[in-house]
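Here is the structure we will look at.
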Amino acid sequence: MCLAVPSKVIAIDGDMATVESFGETRQVSLLLLPEPVALGDYLLIQAGGFAFERVEVERAEDSLRAMQELMELSTEDVRAWQ
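The working numbering puts the first residue of the sequence shown at 9, with every later residue one more than the last.
Following this line, the structure appears as structure tokens:
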């Protein structure tokens with residue numbers, strides 16, 4: 009099973025974007041997306057660093073809030089889930 013964490017676009021450079029989620033940033037490819045991406049959009053990223061879906065802001069923020077609540081309940085380092 010795959011868990012995709014919504015990541016917010018904070019910079020765009022051609023077919024690449026810098027995204028942020030839970031304080032972590034990374035570079036991702038936009039080549040698989042059929043529509044243009046703008047700063048502030050939320051994306052789902054697959055293994056290998058390819059964005060594959062743009063997510064509505066409300067849905068992304070709801071998911072992030074739920075994930076944050078789960079992380080706060082855990083005593084483990086959830087970054088190990090990656």
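A virtual CB, placed ideally from N, CA and C, is assigned to each residue, including glycine.
Rounded to whole angstroms, the Cβ separation of residue 55 and residue 38 is 16 angstroms, and the two are not in contact under 8 angstroms.
Take the alpha-carbon of residue 59 and the one of residue 68: they are about 14 angstroms apart. Comparing C-alpha distances from residue 41 to each of 30, 23, 47 and 71 shows the shortest one belongs to 23. Counting only unbroken stretches of 4 or more residues, no alpha helix (DSSP H) element lies wholly within the stretch 50-74. In the DSSP annotation of this structure, the continuous segment of the beta strand (DSSP E) that includes residue 25 starts and ends at 24-29. Beta-bridge pairing by DSSP links residue 18 to no other residue.
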